[in-house]
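Residue numbers (this note's numbering), protein chains in the order written: chain A, 1 to 160; chain B, 1 to 160; chain C, 1 to 160; chain D, 1 to 160; chain E, 1 to 160; chain F, 1 to 160. Below: one structure, written as structure tokens.
Number of protein chains: 6
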Amino acid sequence: MKRAIYPGTFDPITLGHIDVAHRATRLFDEVIIAVAAASSKTPLFDLVERTALARHAVRDYPRIRVLSFDGLLVDFVREQQAHAIVRGLRAVSDFEFEIQMAAVNRRLVPEIETVFLSPTEDLGFVSSSIVRELARLHGNVATFVPKHVAIALKDRFKPT
Amino acid sequence: MKRAIYPGTFDPITLGHIDVAHRATRLFDEVIIAVAAASSKTPLFDLVERTALARHAVRDYPRIRVLSFDGLLVDFVREQQAHAIVRGLRAVSDFEFEIQMAAVNRRLVPEIETVFLSPTEDLGFVSSSIVRELARLHGNVATFVPKHVAIALKDRFKPT
Amino acid sequence: MKRAIYPGTFDPITLGHIDVAHRATRLFDEVIIAVAAASSKTPLFDLVERTALARHAVRDYPRIRVLSFDGLLVDFVREQQAHAIVRGLRAVSDFEFEIQMAAVNRRLVPEIETVFLSPTEDLGFVSSSIVRELARLHGNVATFVPKHVAIALKDRFKPT
Amino acid sequence: MKRAIYPGTFDPITLGHIDVAHRATRLFDEVIIAVAAASSKTPLFDLVERTALARHAVRDYPRIRVLSFDGLLVDFVREQQAHAIVRGLRAVSDFEFEIQMAAVNRRLVPEIETVFLSPTEDLGFVSSSIVRELARLHGNVATFVPKHVAIALKDRFKPT
Amino acid sequence: MKRAIYPGTFDPITLGHIDVAHRATRLFDEVIIAVAAASSKTPLFDLVERTALARHAVRDYPRIRVLSFDGLLVDFVREQQAHAIVRGLRAVSDFEFEIQMAAVNRRLVPEIETVFLSPTEDLGFVSSSIVRELARLHGNVATFVPKHVAIALKDRFKPT
Amino acid sequence: MKRAIYPGTFDPITLGHIDVAHRATRLFDEVIIAVAAASSKTPLFDLVERTALARHAVRDYPRIRVLSFDGLLVDFVREQQAHAIVRGLRAVSDFEFEIQMAAVNRRLVPEIETVFLSPTEDLGFVSSSIVRELARLHGNVATFVPKHVAIALKDRFKPT
Numbered sequence: 001m002k003r004a005i006y007p008g009t010f011d012p013i014t015l016g017h018i019d020v021a022h023r024a025t026r027l028f029d030e031v032i033i034a035v036a037a038a039s040s041k042t043p044l045f046d047l048v049e050r051t052a053l054a055r056h057a058v059r060d061y062p063r064i065r066v067l068s069f070d071g072l073l074v075d076f077v078r079e080q081q082a083h084a085i086v087r088g089l090r091a092v093s094d095f096e097f098e099i100q101m102a103a104v105n106r107r108l109v110p111e112i113e114t115v116f117l118s119p120t121e122d123l124g125f126v127s128s129s130i131v132r133e134l135a136r137l138h139g140n141v142a143t144f145v146p147k148h149v150a151i152a153l154k155d156r157f158k159p160t
Numbered sequence: 001m002k003r004a005i006y007p008g009t010f011d012p013i014t015l016g017h018i019d020v021a022h023r024a025t026r027l028f029d030e031v032i033i034a035v036a037a038a039s040s041k042t043p044l045f046d047l048v049e050r051t052a053l054a055r056h057a058v059r060d061y062p063r064i065r066v067l068s069f070d071g072l073l074v075d076f077v078r079e080q081q082a083h084a085i086v087r088g089l090r091a092v093s094d095f096e097f098e099i100q101m102a103a104v105n106r107r108l109v110p111e112i113e114t115v116f117l118s119p120t121e122d123l124g125f126v127s128s129s130i131v132r133e134l135a136r137l138h139g140n141v142a143t144f145v146p147k148h149v150a151i152a153l154k155d156r157f158k159p160t
Numbered sequence: 001m002k003r004a005i006y007p008g009t010f011d012p013i014t015l016g017h018i019d020v021a022h023r024a025t026r027l028f029d030e031v032i033i034a035v036a037a038a039s040s041k042t043p044l045f046d047l048v049e050r051t052a053l054a055r056h057a058v059r060d061y062p063r064i065r066v067l068s069f070d071g072l073l074v075d076f077v078r079e080q081q082a083h084a085i086v087r088g089l090r091a092v093s094d095f096e097f098e099i100q101m102a103a104v105n106r107r108l109v110p111e112i113e114t115v116f117l118s119p120t121e122d123l124g125f126v127s128s129s130i131v132r133e134l135a136r137l138h139g140n141v142a143t144f145v146p147k148h149v150a151i152a153l154k155d156r157f158k159p160t
Numbered sequence: 001m002k003r004a005i006y007p008g009t010f011d012p013i014t015l016g017h018i019d020v021a022h023r024a025t026r027l028f029d030e031v032i033i034a035v036a037a038a039s040s041k042t043p044l045f046d047l048v049e050r051t052a053l054a055r056h057a058v059r060d061y062p063r064i065r066v067l068s069f070d071g072l073l074v075d076f077v078r079e080q081q082a083h084a085i086v087r088g089l090r091a092v093s094d095f096e097f098e099i100q101m102a103a104v105n106r107r108l109v110p111e112i113e114t115v116f117l118s119p120t121e122d123l124g125f126v127s128s129s130i131v132r133e134l135a136r137l138h139g140n141v142a143t144f145v146p147k148h149v150a151i152a153l154k155d156r157f158k159p160t
Numbered sequence: 001m002k003r004a005i006y007p008g009t010f011d012p013i014t015l016g017h018i019d020v021a022h023r024a025t026r027l028f029d030e031v032i033i034a035v036a037a038a039s040s041k042t043p044l045f046d047l048v049e050r051t052a053l054a055r056h057a058v059r060d061y062p063r064i065r066v067l068s069f070d071g072l073l074v075d076f077v078r079e080q081q082a083h084a085i086v087r088g089l090r091a092v093s094d095f096e097f098e099i100q101m102a103a104v105n106r107r108l109v110p111e112i113e114t115v116f117l118s119p120t121e122d123l124g125f126v127s128s129s130i131v132r133e134l135a136r137l138h139g140n141v142a143t144f145v146p147k148h149v150a151i152a153l154k155d156r157f158k159p160t
Numbered sequence: 001m002k003r004a005i006y007p008g009t010f011d012p013i014t015l016g017h018i019d020v021a022h023r024a025t026r027l028f029d030e031v032i033i034a035v036a037a038a039s040s041k042t043p044l045f046d047l048v049e050r051t052a053l054a055r056h057a058v059r060d061y062p063r064i065r066v067l068s069f070d071g072l073l074v075d076f077v078r079e080q081q082a083h084a085i086v087r088g089l090r091a092v093s094d095f096e097f098e099i100q101m102a103a104v105n106r107r108l109v110p111e112i113e114t115v116f117l118s119p120t121e122d123l124g125f126v127s128s129s130i131v132r133e134l135a136r137l138h139g140n141v142a143t144f145v146p147k148h149v150a151i152a153l154k155d156r157f158k159p160t
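Structure (structure tokens):
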């Protein structure tokens, strides 16, 4: 069985992320959305929230699981007996950083392959940070994230 | 009458910004420099200062006005009965983020058009953040910003 | 009255081109699709054909006209008493060449402004050269070009 | 069984191509190197030669096959009952064109997924066109292509 | 005697940095690694530590010196009677920022030339920030930095 | 004595090229403009013309020489006992190809260093191909090339 890890901060998960994970299931028997605990930036949602929002978002996809992880991605990949990392590509700036990370990961664990999926054109421009910014300004995020994520965002930014 | 909004943080306004606003008046009857209140980063100048510096900088251009705004850009555009957003393009990295924002804004309000102006080559490399960094290190910013902005920057970073 | 020139080879015109021209009419009173005669490459359709295909494609847009031109773009812009050049941006590689051409044109005629429109995400990836290549291989171009252009392409590449 | 198509002109096949095909076998049960017959440019080696050079290059990889194809890539993918297209990414300029082609192919056949592999850093900079140019100038191509390809190139450019 | 300044934060120095400095000695009689004191971000190592780590890293290169500096880079360049700034290029995003800084520096001091060296392909993907992130997660940084830097990183992130 | 080679097609030489060569003399004792004979494309000016135009353009710079070369660049560099290749960078697309060529050349001859100079902002957007296209359409090239090159271009494209 071929298993792939789709890692990220998922702060929060967007329709673009779900699309990438779903399309990865065409290539792999199982796809694990791996929500990274550690981050240099303070996330909007904490690890438990981010994991819960992601898990609810893919509850109808039997071959997609959601796990959180702490520490080095390549260690998590080995621990899960996966052998591929899946990444979505949105823009050239993404591309360069991703290529660098793939090179570092290959240097660390040569047998793990990083696989990039191209964006779906009508979701490709959505990023978690744009979604957070929109929500902060009380803009409508309904076409960018699942319903329960939109509610969580609204709640987070409600006027006090 | 065609009115365009030229939004940004303008922290502080540079000669490059003024050039973009001025050139936009060739295309539109009125151009509003819209100074964004809300930002994820702490600006060097507060909203009142940024607005005042921008207003003074374009005091001789009758068809350029300066307003500050809070909240979502597209809401402000509609409120001002404008129908175009003007952006200057400096570099490829700008370009990608701008294209994403234009796509998000079009999704939110399809009838608003985002218009990009190319940089004037001898001003194109100046950004507010480079100007701030130069001023912080007591470098000469005279060829990058209007005189009153240079004075304000000097004052902000004067040794105490 | 503000008039803009939208220049190109239009070999052939695509739905992406029509979208750019249409959106330009929100900013300008009249938009002239300017089909360039001279080219370093041999086009698939000759100037008369390219102009006819473009004209038919925008026959229902009263404020879009189609003209062909020979010689320097900036000369044509002045001749038409226009003061803006409209360009669609698709990708970073486009962007750089376009920025260079805008700089050259501004050096030649400073009062002409080049205006870039961002791509509509679901049309943004279509280029005339991809459309020609698809047609050459008898692929289905129906979602990328107007019906009469699809017929013209099919006719051009029909097995003999 | 999961089968992937790795299409290209392979004029000629390089060590970078072989590396991509080999790494793709970690993700798929079978990888078909698909040598494109039709091209807008005149290749250095004809279709029979390009296919033979590629076939010899992967003769020791039991799960990599080499086939030539004519016509539309997505038609060939369906004919081979594959469901993925594999592409190597070398640089940003590649990236953009590849993203466009992936979008076109998805529009034509939504169930086919395009998968990008990142370059191996010490082979990533080699392209067939650089190899051809080197060989044309009698440079040493030994570290960029398999031995039999180096001999074929030398033979092609030998002084007459 | 021709002297060049190779400026940066060096937080910490990597094998990629050492490679650039070493290759610069082929072009210049003396190369000064200039560790910048002032920074908008809080560095992992303080100025004294960063300078010491860099100095130890190049102790066997007689024509490379390490100095720290505070204030404007161009002032330091003049103070050291150097006339060139050396920068390594890793990626397109680097490239754009570097080009902007080179333009600003040339505007400030026209006689100082900025010189870019291309990355060595097997070190080119390593950046200080990736190294710090790896070390924070207790990953193996041995192939990216000198031994004493690896020890310093391990010490910095050891579990308390 | 440090000698650098500045290679190119120079079809024809522009003010941007001359600026790069001149600035390289600040770093090297002698700069050789190396006009490449062999090219995959048919140049507008033949090798003798391109060399003569370049030579006249730098006749007042005692430390810049112009030579033509045939064959591999690295062979010419060694033959001239130079140890550096100078390249101007204009745009991101240049950058990527140049980085690839630098990697190939380093693989062929490790001791030769490739050095990139950043563009002067008011010349940076001029390329030989844009100049040729302008001249072909009888545009004014006076601000982009030396006077004698403008005359040669005019002569080449004069109506017959």
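For every residue, glycine included, the Cβ atom is placed at its ideal position computed from N, Cα and C. Values in this document were obtained by computation on a predicted structure and should not be read as measured data.
In chain order, what residues of the same chain have a beta carbon less than 6 Å from the beta carbon of residue 11 of chain D, not counting five sequence neighbours either side?
The residue given as residue 11 of chain D occupies position 11 in the fourth sequence. So the list reads 43, 44, 45, 50, 128, once near-sequence residues are dropped.
Taking C-alpha atoms, which residue in B/146, B/135, B/85, B/111 lies nearest to residue 27 of chain B?
By 1-based counting over the second sequence, the position of residue 27 of chain B is 27. Here the closest residue by C-alpha is B/85.
Chain-ordered residues of the stretch 11-43 of chain E with a beta carbon less than 9 Å from chain A:
none
Using a C-beta cutoff of 9 Å, does residue 161 of chain D count as contacting chain A?
Here chain D covers residues 1 to 160 and nothing more, so residue 161 of chain D does not appear.
Give the interface partners of residue 8 of chain B over in chain A, defined as CB-CB distance under 9 Å, in chain order.
Numbered from its first residue, the second sequence carries residue 8 of chain B at position 8. Ordered by position in chain A, no residue passes the 9 Å Cβ test against residue 8 of chain B, which lies about 15 Å from the chain.
Under a three-way DSSP split, which group does residue 3 of chain F fall into?
As a working note, residue 3 of chain F is residue 3 in the sixth sequence. Here residue 3 of chain F sits in strand by DSSP.
Under DSSP, the beta strand (DSSP E) around residue 16 of chain B begins and ends at which residues?
Working through the second sequence from its first residue, we reach residue 16 of chain B at position 16. Looking at the DSSP string, residue 16 of chain B is not in any beta strand (DSSP E); the run it does join, the alpha helix (DSSP H), is 15-24.
How far does the alpha helix (DSSP H) with residue 76 of chain B in it extend, from its first residue to its last?
Taking the first residue of the second sequence as position 1, residue 76 of chain B is located at position 76. 73-79 is the span of the alpha helix (DSSP H), which, as asked, contains residue 76 of chain B.
Hey, quick one: how far does the alpha helix (DSSP H) through residue 48 of chain F stretch, first residue to last?
Your numbering for residue 48 of chain F matches position 48 in the sixth sequence. First-last of the alpha helix (DSSP H) with residue 48 of chain F: 47-57.
In whole angstroms, what separates the C-alpha of residue 61 of chain B from that of residue 22 of chain B?
Along the second sequence, read from residue 1 onward, the residue named residue 61 of chain B stands at position 61. Along the second sequence, read from residue 1 onward, the residue named residue 22 of chain B stands at position 22. Near 8 Å, if we compare the C-alpha coordinates of residue 22 of chain B and residue 61 of chain B.
Would you verify that the beta carbon of residue 126 of chain C is, or is not, closer than 9 Å to some beta carbon of chain D?
The sequence position of residue 126 of chain C within the third sequence is 126, counting from 1. Cβ-Cβ to chain D under 9 Å: yes for residue 126 of chain C.
Look up residue 133 of chain F in the DSSP assignment and say whether it is helix, strand or coil.
Residue 133 of chain F sits at position 133 when you count from the first residue of the sixth sequence. Helix, per DSSP.
Give the residues from the stretch 136-156 of chain D that approach chain F closer than 9 Å (Cβ to any Cβ), ordered along the chain.
136, 137, 138, 139, 140, 143, 144
Assuming contact is defined by CB atoms lying nearer than 9 Å, are residue 161 of chain D and residue 115 of chain D in contact in what I supplied?
For residue 161 of chain D there is no data in the structure shown, the boundaries of chain D being 1 and 160.
Report the residue from F/75, F/72, F/77, F/54 whose alpha carbon sits nearest the alpha carbon of residue 66 of chain F.
Within the sixth sequence, the letter at position 66 stands for residue 66 of chain F. Here the closest residue by C-alpha is F/54.
With H, G and I counted as helix, E and B as strand and the rest as coil, what does DSSP make of residue 103 of chain C?
Taking the first residue of the third sequence as position 1, residue 103 of chain C is located at position 103. Helix.
Measure how close the beta-carbons of residue 58 of chain F and residue 47 of chain F come, nearest whole angstrom, since I'm counting them as under 8 Å.
Locating residue 58 of chain F in the sixth sequence gives position 58, counting from the first residue. Locating residue 47 of chain F in the sixth sequence gives position 47, counting from the first residue. The Cβ separation is near 17 Å, so there is no contact.
Can you tell me which of the three DSSP states residue 128 of chain E falls into?
Within the fifth sequence, residue 128 of chain E is the residue found at index 128, counting from 1. In this structure, residue 128 of chain E counts as helix in the three-state DSSP scheme.
Residue 120 of chain C classed as buried or exposed, judged by whether at least 16 other C-beta atoms fall within 10 angstroms:
In the third sequence, residue 120 of chain C corresponds to position 120, counting from 1. Label assigned to residue 120 of chain C: buried.
Chain-order list of residues whose beta-carbon lies under 6 Å from that of residue 132 of chain C (same chain, five-residue window excluded):
Your numbering for residue 132 of chain C matches position 132 in the third sequence. So the list reads 44, once near-sequence residues are dropped.
Neighbour list for residue 51 of chain C in chain B, Cβ cutoff strictly below 7 Å:
Numbered from 1 along the third sequence, position 51 holds the residue referred to as residue 51 of chain C. Here the premise fails: no neighbours, minimum Cβ distance about 26 Å.
C-beta contact flag for residue 144 of chain E and residue 8 of chain E at 9 Å:
By 1-based counting over the fifth sequence, the position of residue 144 of chain E is 144. By 1-based counting over the fifth sequence, the position of residue 8 of chain E is 8. No; because the gap between Cβ atoms is not below 9 Å, this pair is not in contact.
I need the straight-line Cα distance from residue 90 of chain B to residue 83 of chain C, nearest angstrom please.
For this step, residue 90 of chain B is matched to residue 90 along the second sequence. For this step, residue 83 of chain C is matched to residue 83 along the third sequence. Roughly 22 Å between the two C-alpha positions.
Is there at least one Cβ from chain A nearer than 9 Å to residue 87 of chain E's Cβ?
Taking the first residue of the fifth sequence as position 1, residue 87 of chain E is located at position 87. Closer than 9 Å: no.
Measure the beta-carbon distance from residue 63 of chain A to residue 25 of chain A and round it to whole angstroms, keeping in mind my assumption that it falls under 8 Å.
Within the first sequence, the letter at position 63 stands for residue 63 of chain A. Within the first sequence, the letter at position 25 stands for residue 25 of chain A. The pair is a contact, with the Cβ atoms about 5 Å apart (cut-off 8 Å).
So residue 153 of chain F is in the alpha helix (DSSP H); what residue range does that whole segment cover?
Within the sixth sequence, residue 153 of chain F is the residue found at index 153, counting from 1. 147-156 is the extent of the alpha helix (DSSP H) around residue 153 of chain F.
Got a sec, what are the start and stop residues for the beta strand (DSSP E) residue 90 of chain B sits in?
If you number the second sequence from 1, residue 90 of chain B lands on position 90. First-last for residue 90 of chain B: undefined, no H or E at that position.
DSSP has residue 8 of chain D in a bridge; who is on the other side?
Translated into positions along the fourth sequence, residue 8 of chain D becomes position 8. Answer is D/35, bridged to residue 8 of chain D.
DSSP-derived helix/strand/coil call for residue 27 of chain C
Looking up residue 27 of chain C in the third sequence gives position 27. Looking at residue 27 of chain C - three-state DSSP - the assignment turns out to be coil, as it is neither helix nor strand.
Is residue 104 of chain A close to chain E, meaning its C-beta is less than 9 Å from at least one C-beta of that chain?
Numbered from 1 along the first sequence, position 104 holds the residue referred to as residue 104 of chain A. Yes, because at least one Cβ of chain E sits closer than 9 Å to the Cβ of residue 104 of chain A.
Taking C-beta pairs closer than 8 Å, name the residues in chain D that residue 130 of chain C reaches, listed in chain order.
Here the question's residue 130 of chain C lines up with position 130 in the third sequence. Per Cβ cutoff of 8 Å: 100, 101, 104.
By the three-class DSSP mapping on this structure, what secondary structure does residue 108 of chain D have?
Residue numbering aside, residue 108 of chain D sits at position 108 when the fourth sequence is read from its first letter. It is helical.
For residue 139 of chain B, which residues of its own chain have a beta-carbon under 6 Å away from its beta-carbon, when the five flanking residues on both sides are left out?
Translated into the one-based positions of the second sequence, residue 139 of chain B becomes position 139. Closer than 6 Å at the Cβ level, and outside the excluded window around residue 139 of chain B, lies no residue.
Compare the C-beta of residue 82 of chain D against all C-beta atoms of chain A and say whether one is closer than 9 Å.
In the fourth sequence, residue 82 of chain D corresponds to position 82, counting from 1. No, residue 82 of chain D does not count as interfacial toward chain A.
So with Cβ pairs under 9 Å, would you call residue 117 of chain E a contact of chain A?
By 1-based counting over the fifth sequence, the position of residue 117 of chain E is 117. Not an interface residue.
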